[in-house]
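Q: One structure, as structure tokens, below. Some questions next.
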Amino acid sequence: MGDVASSKKKSASIEVRVFGQTDVGQVREHNEDNFLIADLTRKTRSFDPTTTHTLGRSGAVFGVCDGMGGAAAGEVASQLAVDIIYDRLSQAKAPRGREELARRLVKAVQDAGVRIFGEARADRSRRGMGTTSTMATLIDDRLFLAQVGDSRAYLQRDGELTQITRDQSLVNQLIEAGQLTEEEAETFEHNNIILQALGTSEVVQVDLTYVDLRLDDTLLICSDGLSGMVRSEDICGVLTELEDPVEACAKLIALANEAGGHDNVTVVIVRFEGGGLQEISPEDPAVSYQKYSFSGSDGEVREEDTSPPERAEFRDTTKLPRRGESQPPESGATSPASSGDGPALLAKAAPVSGSEDSVAVPLAGWPPRTVGAIIMAGVTLIIVMGFYLLR
73 MGDVASSKKK SASIEVRVFG QTDVGQVREH NEDNFLIADL TRKTRSFDPT
123 TTHTLGRSGA VFGVCDGMGG AAAGEVASQL AVDIIYDRLS QAKAPRGREE
173 LARRLVKAVQ DAGVRIFGEA RADRSRRGMG TTSTMATLID DRLFLAQVGD
223 SRAYLQRDGE LTQITRDQSL VNQLIEAGQL TEEEAETFEH NNIILQALGT
273 SEVVQVDLTY VDLRLDDTLL ICSDGLSGMV RSEDICGVLT ELEDPVEACA
323 KLIALANEAG GHDNVTVVIV RFEGGGLQEI SPEDPAVSYQ KYSFSGSDGE
373 VREEDTSPPE RAEFRDTTKL PRRGESQPPE SGATSPASSG DGPALLAKAA
423 PVSGSEDSVA VPLAGWPPRT VGAIIMAGVT LIIVMGFYLL R
């Protein structure tokens with residue numbers, strides 16, 4: 073009788089196959105990316121990529137952080153982020169439910185931001201450092217994602233690849249507002265500006281989203297070293313062709329390097345299997361960006377679908393390198409960090425020929441949409457003034 077119960081329990085489990093890989097690329101001297109793959113039940117930061125692993129009571133966490141700040145500061149920021157997020161999630165007991173797990177994830181990301189901000193203020197050599205953070209965690213068939221910056225998470229289901237996070241960047245704000253087309257975005261002058269990063273201010277607005285998994289779904293988390301160099305249809309083709317996460321990671325990194333490798337490239341791929349996941353059904357809603365809201369005073373969980381307009385659902389915001397740009401000197405590339413006295417610009421590492429590094433625009437923890445609106449108004453004002461001055 074016990075064997076039957078054990079067999080049923082095992083058949084209802086969620087199995088994962090996961091692998092992560094990072095590469096310095098073809099141009100950068102340092103790798104400022106980091107990734108996190110952790111079994112929170114066994115409290116280990118590794119998975120054997122050759123076997124499947126059963127999801128335990130405390131779940132698992134997967135993520136990518138893309139550091140910025142020049143010299144070694146970006147590497148320090150991204151390493152601090154993955155270490156702190158892992159420590160916060162692994163030290164706690166198994167969550168009592170989905171919502172507790174989601175709250176822990178948001179708090180862990182926020183704690184990482186506070187710590188990085190403090191380190192940047194305390195050490196002059198690290199001023200200006202920060203990092204993006206795209207983290208995913210689960211204890212059952214609901215996957216939560218916490219987003220800060222412009223690294224990305226995609227979900228592939230039934231041969232289709234969908235971006236399930238939103239880039240917190242100026243170019244994305246302009247596209248969603250209808251002020252910039254996808255084609256214009258590829259050569260947009262300010263496509264290196266991001267609206268948030270961990271470490272650029274004490275307060276960050278963590279964008280918490282979710283997706284309900286189905287059997288054979290595949291999660292891809294990556295830095296913009298991949299998404300900015302390889303088009304989404306090519307990424308989807310690799311995930312379809314290569315079932316092994318190890319082979320798929322290696323192929324995607326190779327494609328990014330073949331396209332120029334202008335930035336560090338980091339990829340984490342997770343395949344979801346097991347009897348604990350429902351099979352795909354025609355009644356299932358389409359995979360999309362879905363905002364998650366915590367329970368209200370009435371105890372009900374509010375899940376809000378805030379998908380962008382239909383015109384933006386299939387956009388490919390691949391940032392192609394621009395020609396004719398000279399390479400600035402390595403030294404002095406880092407802008408001063410925000411000291412809390414006002415906004416500041418923050419560059420990742422020294423820009424390289426044909427590629428610009430992301431710039432974070434921290435405004436004391438203001439929501440990214442508000443920051444984007446301010447920047448858009450400024451750009452519009454400059455254009456209008458230029459028009460009248462040249463008349």
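Quick note, in the working numbering, the sequence shown goes up one by one and the last residue is 463.
Backbone N, C-alpha and C fix where the C-beta goes; we use that ideal spot for every residue, glycine too.
#1: According to the Cβ coordinates, are Ala-132 and Val-181 closer than 8 Å?
#2: In angstroms, rounded to a whole number, what distance separates the CA positions of Gly-346 and Leu-453?
#3: In whole angstroms, give me the CA-to-CA distance for Asp-388 and Asp-306.
#4: Whose C-alpha, out of Val-337, Glu-351, Gln-219, is nearest the C-alpha of Ala-174?
#5: Excluding the five sequence neighbours on either side, which residues of its own chain have a C-beta within less than 6 Å of the C-beta of Ile-352, listed in chain order?
#6: Find out if the Cβ-Cβ distance for the pair Val-339, Gly-92 is shorter than 8 Å.
#7: Output needed for Lys-115: all residues of its chain with C-beta closer than 6 Å, excluding positions within five of it in sequence on either side, in chain order.
#8: Would you identify the three-state DSSP class for Val-339, choosing helix, strand or coil?
#9: Between the Cα of Leu-242 and those of Leu-292, Asp-138, Ala-322, Ile-266, spot the shortest distance and give me the residue it belongs to.
#10: Which of the three DSSP states, helix, strand or coil, is assigned to Leu-127?
#11: Tell me the rounded alpha-carbon separation between Gln-240 and Ile-86.
#12: Is Ile-491 helix, strand or coil when you go by DSSP?
#13: Between Ile-157 and Leu-108, is the Cβ-Cβ spacing less than 8 Å?
#14: Return the residue from the list Thr-209, Arg-160, Gln-268 that minimises the CA-CA distance to Gln-277.
#15: Can the beta-carbon of Asp-296 be found less than 8 Å from the beta-carbon of Ser-360?
#16: Straight-line CA distance for Phe-260 to Glu-248?
#17: Of the residues Gly-169, Phe-366, Phe-344, Gln-350, which one's Cα is nearest the Cα of Val-90?
#18: Hey, Ser-197 and Ala-184 are a contact pair by Cβ (cut 8 Å); roughly how many whole angstroms apart?
#19: Ser-150 by DSSP, collapsed to three states: which one?
#20: Would you identify the three-state DSSP class for Phe-91, choosing helix, strand or coil?
#21: In terms of residues, what are the limits of the beta strand (DSSP E) holding Ile-325?
#22: Helix, strand or coil for Glu-171? Go by DSSP, reduced to three states.
#23: Among the residues of its own chain, which have a CB less than 7 Å from the CB of Gly-190, if the five just before and after it don't count?
#24: According to the Cβ coordinates, are Leu-292 and Tyr-364 closer than 8 Å?
#25: When the Cα of Thr-237 is compared with those of Asp-279, Gly-200, Leu-252, Asp-213, which residue comes out closest?
#26: Would you mind stating whether Ile-188 and Met-201 have Cβ atoms separated by less than 8 Å?
#27: Under 8 Å between the Cβ atoms of Ile-341 and Asp-95?
#28: Since Gly-333 contacts Gln-98 with CB under 8 Å, what's their CB separation in whole angstroms?
#29: Is it the case that the Cβ atoms of Pro-167 and Arg-160 are separated by a distance below 8 Å?
#30: What does the Cβ neighbour count give for Asp-111, buried or exposed, with the cut at 16 atoms within 10 Å?
#31: Hey, would you say Gln-362 sits closer than 8 Å to Thr-281, going by beta carbons?
#32: Just reading off the alpha helix (DSSP H) that Gln-245 is part of, what are its end residues?
#33: Whole angstroms are fine: how far does the CA of Pro-317 sit from the CA of Pro-121?
#34: Considering only residues of the same chain and omitting the five flanking positions on each side of Asp-105, which have a CB-CB separation below 8 Å?
#35: Within 10 angstroms of its Cβ, does Val-491 collect 16 or more other Cβ (buried), or is it exposed?
A: To lay it out plainly:
#1: For this step, residue 132 is matched to residue 60 along the sequence shown. For this step, residue 181 is matched to residue 109 along the sequence shown. No, they are not a contact pair.
#2: Numbered from its first residue, the sequence shown carries residue 346 at position 274. Numbered from its first residue, the sequence shown carries residue 453 at position 381. For Gly-346 and Leu-453, the distance between alpha carbons rounds to 55 Å.
#3: For the purposes of this step, residue 388 is taken as the residue at position 316 of the sequence shown. For the purposes of this step, residue 306 is taken as the residue at position 234 of the sequence shown. Its pLDDT being 39, under 50, Asp-388 is placed unreliably by the model, and nothing is read from it.
#4: Along the sequence shown, one-based indexing puts residue 174 at 102. The option with the nearest alpha carbon to Ala-174 is Gln-219.
#5: On the sequence shown, residue 352 is found 280 positions in, with the first residue counted as 1. Answer for Ile-352: Asp-230, Arg-286, listed in chain order.
#6: Translated into the one-based positions of the sequence shown, residue 339 becomes position 267. Translated into the one-based positions of the sequence shown, residue 92 becomes position 20. Result yes, Cβ atoms of Val-339 and Gly-92 sit closer than 8 Å.
#7: The residue you call residue 115 lines up with position 43 of the sequence shown. So the list reads Ser-162, once near-sequence residues are dropped.
#8: Start at 1 with the first residue of the sequence shown, and residue 339 comes out as number 267. Correct three-state label for Val-339: strand.
#9: As a first step, residue 242 is located in the sequence shown; it is residue number 170 there, counting from the start. Of the listed residues, the one whose Cα sits closest to Leu-242 is Ile-266.
#10: Here residue 127 is taken as the residue at index 55 of the sequence shown, counted from 1. If DSSP states are grouped into helix, strand and coil, Leu-127 belongs with coil.
#11: Translated into the one-based positions of the sequence shown, residue 240 becomes position 168. Translated into the one-based positions of the sequence shown, residue 86 becomes position 14. Answer to the nearest angstrom: the Cα atoms are 31 Å apart.
#12: Shown here, the chain extends from 73 to 463; a query on residue 491 therefore has no answer.
#13: The residue labelled residue 157 in the question sits at position 85 within the sequence shown. The residue labelled residue 108 in the question sits at position 36 within the sequence shown. Closer than 8 Å, so yes.
#14: Start at 1 with the first residue of the sequence shown, and residue 277 comes out as number 205. Checked all of Thr-209, Arg-160, Gln-268; the closest Cα to Gln-277 is Gln-268.
#15: Against the sequence shown, residue 296 aligns to sequence position 224. Against the sequence shown, residue 360 aligns to sequence position 288. Not closer than 8 Å, so no.
#16: The residue labelled residue 260 in the question sits at position 188 within the sequence shown. The residue labelled residue 248 in the question sits at position 176 within the sequence shown. One C-alpha to the other measures close to 15 Å.
#17: Mapped onto the sequence shown, residue 90 falls at position 18. Cα-wise, what sits closest to Val-90 is Phe-344.
#18: The residue labelled residue 197 in the question sits at position 125 within the sequence shown. The residue labelled residue 184 in the question sits at position 112 within the sequence shown. Going by Cβ atoms, the distance from Ser-197 to Ala-184 rounds to 20 Å, so no, they are not a contact pair.
#19: Reading the sequence shown from its first residue, position 78 is the one you call residue 150. Helix at Ser-150.
#20: Within the sequence shown, residue 91 is the residue found at index 19, counting from 1. Strand at Phe-91.
#21: Here residue 325 refers to the residue found at position 253 of the sequence shown. First-last for Ile-325: 317 to 330, but that is the alpha helix (DSSP H), not the beta strand (DSSP E).
#22: Indexing the sequence shown from 1 puts residue 171 at position 99. Looking at Glu-171 - three-state DSSP - the assignment turns out to be helix.
#23: Indexing the sequence shown from 1 puts residue 190 at position 118. Here the set comprises nothing.
#24: Residue numbering aside, residue 292 sits at position 220 when the sequence shown is read from its first letter. Residue numbering aside, residue 364 sits at position 292 when the sequence shown is read from its first letter. Against a cut-off of 8 Å, the Cβ pair of Tyr-364 and Leu-292 comes out as no contact.
#25: If you number the sequence shown from 1, residue 237 lands on position 165. Of the listed residues, the one whose Cα sits closest to Thr-237 is Asp-279.
#26: Residue numbering aside, residue 188 sits at position 116 when the sequence shown is read from its first letter. Residue numbering aside, residue 201 sits at position 129 when the sequence shown is read from its first letter. In contact: Ile-188 and Met-201 (Cβ atoms closer than 8 Å).
#27: Here residue 341 corresponds to residue number 269 of the sequence shown, with the count starting at 1. Here residue 95 corresponds to residue number 23 of the sequence shown, with the count starting at 1. No, Cβ-Cβ distance for Ile-341 and Asp-95 is not below 8 Å.
#28: Within the sequence shown, the letter at position 261 stands for residue 333. Within the sequence shown, the letter at position 26 stands for residue 98. Indeed they touch by this definition, with Cβ atoms about 3 Å apart.
#29: Against the sequence shown, residue 167 aligns to sequence position 95. Against the sequence shown, residue 160 aligns to sequence position 88. Cβ distance not < 8 Å, so Pro-167 and Arg-160 don't count as in contact.
#30: Looking up residue 111 in the sequence shown gives position 39. Asp-111 comes out buried.
#31: In the sequence shown, counting from the first residue as 1, residue 362 sits at position 290. In the sequence shown, counting from the first residue as 1, residue 281 sits at position 209. The answer is yes: Cβ separation under 8 Å.
#32: Indexing the sequence shown from 1 puts residue 245 at position 173. It spans 242 to 248 - the alpha helix (DSSP H) in which Gln-245 sits, taken as one unbroken run.
#33: Position 49 of the sequence shown, counted from the first residue, corresponds to residue 121. Position 245 of the sequence shown, counted from the first residue, corresponds to residue 317. The alpha-carbon atoms of Pro-121 and Pro-317 are separated by roughly 7 Å.
#34: Locating residue 105 in the sequence shown gives position 33, counting from the first residue. For Asp-105, where only same-chain residues beyond five positions count, the Cβ hits under 8 Å are Thr-94, Val-136, Cys-137, Asp-138, Gly-139, Ser-150, Ser-295, Gly-297, Asn-336, Val-337, Thr-338.
#35: Because the chain is modelled from 73 through 463, residue 491 falls outside the range shown and cannot be assessed.
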